[in-house]
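Enquirer:
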Amino acid sequence: NAGVTQTPKFQVLKTGQSMTLQCAQDMNHNSMYWYRQDPGMGLRLIYYSASEGTTDKGEVPNGYNVSRLNKREFSLRLESAAPSQTSVYFCASIRTEMLAFFGQGTRLTVV
Amino acid sequence: AQSVSQHNHHVILSEAASLELGCNYSYGGTVNLFWYVQYPGQHLQLLLKYFSGDPLVKGIKGFEAEFIKSKFSFNLRKPSVQWSDTAEYFCASNDMRFGAGTRLTVKP
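Below, the structure written as structure tokens:
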């Protein structure tokens, strides 16, 4: 039982490069969320998807796009990476009562 | 929309000391509150949750939290911490907003 799977686990990008972070869940949850975690700032919500086919902005959406490909998958795209996007990114799959299950995270460094 | 705030950024305790980490929430309709823990190098895991009913909720590993409506608080407690409790602790609301986190260091 995998739960929430994120790929890749680590990535180094050059400024201006693009990449997509993948997230998949096998728990049949409707809601999925993307967060970034930075020292002293906790988790900040980037985008979320309350159900298949819908996405909404969170607290810090600038510089990111998302796709809810199907019920299982929710990807996060950086079109033109900037050093300020260096962070650890977590995907979460949310059960009905707003209980979150997190992936292992992606550590992204933009140089 | 509901939000939560944590005011303790870093707490250092010796083993066997008692722990209390603060979490305050803003009013926003239905109150569902959570505490999550993140051990070094790992992802967040649920410690405990409050939806309704008994305001004292018990979680895993001896942790508990008390929902005090008059104080808008949901503080996390443990009577006697262990070195293995060293981690970062996050309070969260049902809007899926998280507090800034409190880093707990337990000295052996």
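Chains A and B, in that order, give the protein sequences. Okay, so the first sequence: first residue is 4 according to the numbering used here, each after it adds one. Okay, so the second sequence: first residue is 6 according to the numbering used here, each after it adds one. Positions of the beta carbon are idealized from the N, C-alpha and C atoms, including for glycine.
For ARG47 (chain A), decide whether its Cβ has a neighbour in chain B, counting only Cβ atoms nearer than 9 Å.
Expert: By 1-based counting over the first sequence, the position of residue 47 (chain A) is 44. Judged by the 9 Å Cβ criterion, ARG47 (chain A) is in contact with chain B.
Enquirer: By the DSSP assignment, the beta strand (DSSP E) with VAL7 (chain A) in it spans what residues?
Expert: Translated into the one-based positions of the first sequence, residue 7 (chain A) becomes position 4. In the DSSP assignment, VAL7 (chain A) falls within the unbroken beta strand (DSSP E) covering 7-10.
Enquirer: Could you give the first and the last residue of the continuous beta strand (DSSP E) run that contains ILE97 (chain A)?
Expert: Stepping through the first sequence from its first residue, residue 97 (chain A) is reached at position 94. Counting along the chain, the beta strand (DSSP E) containing ILE97 (chain A) begins and ends at 90-97.
Enquirer: Reducing DSSP to helix, strand and coil, say where GLY67 (chain B) ends up.
Expert: Taking the second sequence and counting its residues from 1, the one referred to as residue 67 (chain B) is at position 62. If DSSP states are grouped into helix, strand and coil, GLY67 (chain B) belongs with the helices.
Enquirer: Could you check what DSSP says for SER34 (chain A) in three-state terms: helix, strand or coil?
Expert: Position 31 of the first sequence holds residue 34 (chain A). Of the three classes helix, strand and coil, the one that applies to SER34 (chain A) here is strand, per DSSP.
Enquirer: For VAL36 (chain B) and PHE56 (chain B), I'd like the C-alpha separation in whole angstroms.
Expert: Numbered from its first residue, the second sequence carries residue 36 (chain B) at position 31. Numbered from its first residue, the second sequence carries residue 56 (chain B) at position 51. Cα to Cα, VAL36 (chain B) sits roughly 7 Å from PHE56 (chain B).
Enquirer: What residues in its chain sit with their C-beta under 6 Å from that of PHE39 (chain B), if we drop five residues either side in the sequence?
Expert: Position 34 of the second sequence, counting from 1, holds the residue named residue 39 (chain B). Excluding positions up to five away in sequence, the list reads LYS54, ALA97.
Enquirer: Would you list, in chain order, the members of the stretch 82-100 of chain A that have their beta-carbon closer than 8 Å to a beta-carbon of chain B?
Expert: Residues passing the 8 Å Cβ filter: PHE93, ALA95, ILE97, GLU100.
Enquirer: Going by CA-CA distance only, name the one from B:ASP100, B:LEU109, B:LYS63 that's closest to TRP88 (chain B).
Expert: The residue you call residue 88 (chain B) lines up with position 83 of the second sequence. Residue B:LEU109 is the option with its Cα nearest to TRP88 (chain B).
Enquirer: Less than 9 Å separating the beta-carbons of ARG110 (chain A) and LYS12 (chain A)?
Expert: Here residue 110 (chain A) is taken as the residue at index 107 of the first sequence, counted from 1. Here residue 12 (chain A) is taken as the residue at index 9 of the first sequence, counted from 1. Judged by their CB atoms, ARG110 (chain A) and LYS12 (chain A) are nearer to each other than the 9 Å cut-off.
Enquirer: Taking buried to mean at least 16 other C-beta atoms within 10 Å of its own C-beta, is SER87 (chain A) buried or exposed?
Expert: Along the first sequence, one-based indexing puts residue 87 (chain A) at 84. That one is exposed.
Enquirer: Does the beta carbon of LEU102 (chain A) sit closer than 9 Å to a beta carbon anywhere in chain B?
Expert: Residue numbering aside, residue 102 (chain A) sits at position 99 when the first sequence is read from its first letter. At least one chain B Cβ lies under 9 Å of LEU102 (chain A).
Enquirer: So what does GLY45 (chain A) bridge to, in DSSP terms?
Expert: Translated into positions along the first sequence, residue 45 (chain A) becomes position 42. In the DSSP output, where bridge partners are listed per residue, GLY45 (chain A) has A:ASP41.
Enquirer: What residues from chain B crowd round PHE105 (chain A), counting only those whose CB sits closer than 7 Å?
Expert: Along the first sequence, read from residue 1 onward, the residue named residue 105 (chain A) stands at position 102. Residues of chain B passing the Cβ test: HIS48, LEU49.
Enquirer: Tell me which same chain residues have a C-beta within less than 7 Å of the C-beta of ALA85 (chain A), skipping the five on either side of it?
Expert: The count along the first sequence starts at 1 and reaches residue 85 (chain A) at position 82. Excluding residues within five positions, the ones whose Cβ falls inside 7 Å are THR18, GLY66, VAL113.
Enquirer: Using a C-beta to C-beta distance shorter than 7 Å, which residues of chain A count as neighbours of ARG102 (chain B)?
Expert: Position 97 of the second sequence, counted from the start, is the residue given in the question as residue 102 (chain B). The contacting residues are LEU48.
Enquirer: Contact criterion: CB-CB distance below 9 Å. Does GLU62 (chain A) meet it with respect to chain B?
Expert: On the first sequence, residue 62 (chain A) is found 59 positions in, with the first residue counted as 1. At least one chain B Cβ lies under 9 Å of GLU62 (chain A).
Enquirer: Indicate the three-state DSSP secondary structure (helix, strand or coil) for MET78 (chain A) in the structure shown.
Expert: In the first sequence, residue 78 (chain A) corresponds to position 75, counting from 1. The sequence given here has Ser at residue 78 (chain A), not Met. The answer is strand: DSSP assigns SER78 (chain A) an E or B state.
Enquirer: Mind checking whether ALA70 (chain B) and ARG82 (chain B) have CB atoms under 9 Å apart?
Expert: As a working note, residue 70 (chain B) is residue 65 in the second sequence. As a working note, residue 82 (chain B) is residue 77 in the second sequence. It is a contact, given that the beta carbons lie within the stated cut-off.
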